[in-house]
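Peer 1: Here's a structure for you.
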Amino acid sequence: MLDPRLLRSDPDQLQQGLAKRGISLDLASLQSLDEKRRHWQQEMERLQSERNAQAKKIGKAKAAGEDVAPLLAAVSDLGDRLDAAKASAAEAQDAFQDTWLGLPNIPQSDVPAGENESENVEIRRWGTPKTFDFDVEDHVTLGERDARHGMAMDFAAATKLTGSRFVVMRGQMARLHRALIQFMLDEHTLQHGYEEVYVPYMVNDDSLMGTGQLPKFSEDLFKLEGEKPYYLIPTAEVPVTNLLRGEIVAAEQLPIQYACHTPCFRSEAGSHGRDTRGMIRQHQFEKVELVQFVHPKKSDEALVSLTQHAENILQKLELPYRVMQLCGGDMGASAARTIDLEVWLPSQECYREISSCSNFEDYQARRMQARWRNPETGKPELLHTLNGSGLAIGRTLVALLENGQQADGRVVLPEVLRPYLGGQIEL
RNA sequence: GGAGGGGUGGCAGAGCGGUUGAAUGCACCGGUCUUGAAAACCGGCGUAGGCUAAUAACCUACCCAGGGUUCGAAUCCCUGCCCCUCCGCCA
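Under my numbering, think of the first position of the first sequence as 383, with each following residue one higher.
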């Protein structure tokens, strides 16, 4: 949520910022909603103040043993007037809130305008895509080929068990998948200073509201049937960021850095027909997520280091990638700035997203009321929140298989994984 | 699943339907005293919204959440959520 005061203090910044996302804001109607809301709030509070004064008077009169009948008569219609004002105030508040809560974050000043990913800007590349002197296979072919213990990567089995966009892995493939999780968590906790957390994989709607998935993007989520209205998490961002919902932390505790592995569940509504083959786009996938809560003045540098932490994983895994600055229209609604990491996939001969690192500034924190106490003012102030994938496990597995493939069908894995694979680095 | 108890400020813990945003203690901040510290004493000490030049004053709301009764609710009623104890079941 944006600061509602922005509407009065700097409407131009609001309008121009959202324009970068391709949103043309009807400033006049929004301002009128805001004025209505404040007008009715003032009217309601005026009546409440009157009621309090009268009630106090009655109390005193009664205590003094006086006749309160005339006083009661004087307030007879106050209740009705107050109820009417309350109703109008609530209505005006809802009308404003509906619109306001739906507004995405304002992109930072140097975020390029643009409608979709075609207008993202490449910042840099790392590594050189390998040239193969044989026809490369994609990860599906490579994964399904190992028939020693049945298929190592078995999409048909998953379809039988559940449906499309799921996978079953066996043997060394399942082990490699697990190894990647361990490796990444170890790197982030031991090398990058993150604290590991374990969290619920189901959350309530308050949490989804806090990070911005609700109320607008419910179609992307799996909602559970049952008496509790829980949702499967679409990313660890939701439970981990909400750890600080409604909290006020001490300045010395900052920055707070959490690393968390969870499965992620996404309905992928609206992406029918996209990436239907293989593990690129699944309803269920594993991810190691990095989440930071920082001093509001330090979130820009925090995004740089968080991105570097994700890049370090790719570099240690020897996977070529490029770094993309997302344009306004391609960023998630809550983000003020997003940097994507895209890994090279030989079978597709292109770079594909494997990590998305965002600075949300105070947008999520305001929704969640996640704050720190500023020693200079003694007052609670909003934190800045950030997160990034470090990395998406399924896509990392895909990248390793495809980039490590050999002419004879073997897959050679990077040296760093050896300790996690019982000394082996080959599939 | 069954039976009972409870949710008040950072913590502990009072609170008859009426001047209670809420006693008291602890913690915390400032001051006096002290060479310094401790102790003692004095003062301060919640959050959000509105109004405003103001992070001043003032107004409003908030004692788990949402409804209700009343001129007036932390206090009475209903619903929900959460916590605790006992029994059953269980990884």
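Beta carbons: idealized from backbone N, C-alpha and C, even for Gly.
Treat the numbers as computed from the prediction; the structure is a model and nothing was measured.
(1) Apart from the five residues on each side of it in sequence, which residues of its chain come closer than 6 angstroms, Cβ to Cβ, to Trp-798?
(2) Identify the continuous alpha helix (DSSP H) that holds Asp-682 and give its terminal residues.
(3) Cβ atoms of Leu-773 and Gly-651: under 9 angstroms apart, would you say?
(4) Buried or exposed, going by whether 16 or more other CB atoms sit within 10 Å of the CB of Thr-544?
(5) On a Cα-Cα basis, can you pick out the residue from Asp-568, Trp-422 and Cys-709 that is closest to Asn-333?
(6) Please state if the CB of Leu-524 and the CB of Thr-825 are separated by a distance shorter than 9 angstroms.
(7) State the CB to CB distance for the pair Tyr-583 and Leu-614, rounded to an integer number of angstroms; the pair is presumed to be in contact (CB under 8 angstroms).
(8) Measuring only the C-alpha atoms, how far is Asn-624 from His-766?
(9) List in chain order: all unbroken beta strand (DSSP E) runs of 3+ residues lying wholly within the region 454-495.
(10) Would you mind reading off the limits of the beta strand (DSSP E) that contains Phe-675?
(11) Would the C-beta of Glu-601 count as close to the ligand NAD, meaning under 8 angstroms from any of its heavy atoms?
(12) Who are the Cβ neighbours of Ser-589 in its own chain at under 6 angstroms, not counting the five residues just before and after it?
(13) Does Met-383 come out as helix, strand or coil in the three-state DSSP assignment?
(14) In terms of residue numbering, what span does the beta strand (DSSP E) encompassing His-766 cover?
(15) With three or more beta-carbon pairs closer than 8 angstroms as the criterion, would you say the region 714-732 touches the region 776-789?
(16) Hey, how far is the Cα of Gly-770 from the Cα of Ile-736?
(17) Pro-621 lies in the alpha helix (DSSP H); which residues open and close that run?
(18) Where are the alpha helix (DSSP H) runs, 4 residues long or more, that stay fully inside the region 555-610, in chain order?
(19) Given a threshold of 16 other Cβ atoms within 10 Å of its Cβ, counted over all protein chains shown, does Leu-572 qualify as buried or as exposed?
(20) Three Cβ pairs or more, each shorter than 8 angstroms: is that satisfied between the region 647-665 and the region 749-757?
(21) Less than 6 angstroms between C-beta atoms, sequence neighbours within five positions excluded: which residues of the same chain meet that for Gly-592?
(22) Rounded to a whole number of angstroms, what is the C-alpha to C-alpha distance between Trp-422 and Ser-391?
(23) Flag this pair as yes or no: are the beta carbons of Arg-428 and Ala-471 separated by less than 9 angstroms?
(24) Give me the DSSP bridge partner(s) of Tyr-703.
(25) Report buried or exposed for Lys-505, applying the criterion of at least 16 other Cβ atoms within 10 angstroms of its Cβ.
(26) When you compare only the Cα positions, how much space is there between Lys-679 and Asn-741?
(27) Just how far apart, CA to CA, sit Pro-393 and Lys-444?
(28) Taking the straight line between their C-alpha atoms, what separation do you get for Leu-409 and Ser-729?
(29) So for Tyr-612, helix, strand or coil by DSSP?
(30) Taking contact to mean at least 3 C-beta pairs separated by less than 8 angstroms, is the region 429-443 in contact with the region 484-493?
(31) Exposed or buried, which one is Glu-671 when buried takes at least 16 other CB atoms within 10 Å?
(32) Leaving out the 5 sequence neighbours to the left and right, which residues in its chain are closer than 6 angstroms to Val-631 when beta-carbon positions are compared?
(33) Suppose the cutoff is 8 angstroms on Cβ atoms and the five residues either side in sequence are ignored; what does the same chain contact list for Gln-865 look like?
Peer 2: In short:
(1) Indexing the first sequence from 1 puts residue 798 at position 416. Note that residue 798 is Val in the sequence shown, not Trp. Result list for Val-798: Lys-698, in chain order.
(2) Mapped onto the first sequence, residue 682 falls at position 300. Taken as a continuous stretch (DSSP letters only), the alpha helix (DSSP H) holding Asp-682 covers 681-698.
(3) Locating residue 651 in the first sequence gives position 269, counting from the first residue. Locating residue 773 in the first sequence gives position 391, counting from the first residue. Sequence inspection shows Ala at residue 651; the Gly mentioned does not correspond to that position. In this structure, Leu-773 does not lie closer than 9 angstroms to Ala-651 by Cβ.
(4) On the first sequence, position 162 is the one that residue 544 refers to. Thr-544 should be labelled exposed.
(5) A question about residue 333 goes unanswered here, because the residues of the chain that appear run from 383 up to 809.
(6) Residue 825 is absent from the model: the chain starts at 383 and stops at 809.
(7) Translated into positions along the first sequence, residue 583 becomes position 201. Translated into positions along the first sequence, residue 614 becomes position 232. Yes, they are in contact, since the Cβ atoms of Tyr-583 and Leu-614 sit about 6 angstroms apart, within 8 angstroms.
(8) Here residue 624 corresponds to residue number 242 of the first sequence, with the count starting at 1. Here residue 766 corresponds to residue number 384 of the first sequence, with the count starting at 1. Their Cα atoms are separated by approximately 13 angstroms.
(9) Runs of the beta strand (DSSP E) lying entirely within the region 454-495 and spanning at least 3 residues: none are present.
(10) In the first sequence, residue 675 corresponds to position 293, counting from 1. Residues 666-676.
(11) Judged by which ligands are present, the structure shown has none, so any question about the ligand NAD falls away.
(12) Locating residue 589 in the first sequence gives position 207, where the first residue counts as 1. Answer for Ser-589: Val-620 and Asn-624, listed in chain order.
(13) By one-based count along the first sequence, residue 383 stands at place 1. Three-state DSSP puts Met-383 in coil, outside helix and strand.
(14) For the purposes of this step, residue 766 is taken as residue 384 along the first sequence, with counting starting at 1. Where His-766 is concerned, the enclosing beta strand (DSSP E) stretches over 766-774.
(15) yes
(16) Residue 770 sits at position 388 when you count from the first residue of the first sequence. Residue 736 sits at position 354 when you count from the first residue of the first sequence. Approximately 10 angstroms, taken between the alpha carbons.
(17) Mapped onto the first sequence, residue 621 falls at position 239. Residues 619-623.
(18) 587-593
(19) Counted from its first residue, the first sequence places residue 572 at position 190. Classification of Leu-572: exposed, given that the 10 Å Cβ count is below 16.
(20) no
(21) Counting from one through the first sequence, the residue named residue 592 turns up at place 210. Excluding residues within five positions, the ones whose Cβ falls inside 6 angstroms are Asn-624, Arg-627, Arg-749 and Met-750.
(22) Your numbering for residue 422 matches position 40 in the first sequence. Your numbering for residue 391 matches position 9 in the first sequence. Straight-line Cα distance between these residues: approximately 21 angstroms.
(23) Numbered from 1 along the first sequence, position 46 holds the residue referred to as residue 428. Numbered from 1 along the first sequence, position 89 holds the residue referred to as residue 471. Result no, Cβ atoms of Arg-428 and Ala-471 do not sit closer than 9 angstroms.
(24) To locate residue 703, count along the first sequence from 1; it is residue 321. Paired residues: Trp-508 and Val-725.
(25) The residue labelled residue 505 in the question sits at position 123 within the first sequence. Position check: residue 505 holds Ile in this sequence, whereas Lys was assumed. The residue in question, Ile-505, is exposed, as its Cβ has fewer than 16 Cβ neighbours within 10 Å.
(26) Within the first sequence, the letter at position 297 stands for residue 679. Within the first sequence, the letter at position 359 stands for residue 741. Roughly 12 angstroms between the two C-alpha positions.
(27) Here the question's residue 393 lines up with position 11 in the first sequence. Here the question's residue 444 lines up with position 62 in the first sequence. Distance between the alpha carbons of Pro-393 and Lys-444 is about 52 angstroms.
(28) The residue you call residue 409 lines up with position 27 of the first sequence. The residue you call residue 729 lines up with position 347 of the first sequence. When rounded, the distance between both Cα atoms is 48 angstroms.
(29) Locating residue 612 in the first sequence gives position 230, where the first residue counts as 1. Tyr-612: coil per DSSP, three-state reduction.
(30) no
(31) Walking along the first sequence from the start, residue 671 turns up at place 289. The residue in question, Glu-671, is buried, as its Cβ has 16 or more Cβ neighbours within 10 Å.
(32) Residue numbering aside, residue 631 sits at position 249 when the first sequence is read from its first letter. Excluding residues within five positions, the ones whose Cβ falls inside 6 angstroms are Trp-754.
(33) With the chain represented from 383 up to 809, any question about residue 865 goes unanswered, as that position is not in the structure.
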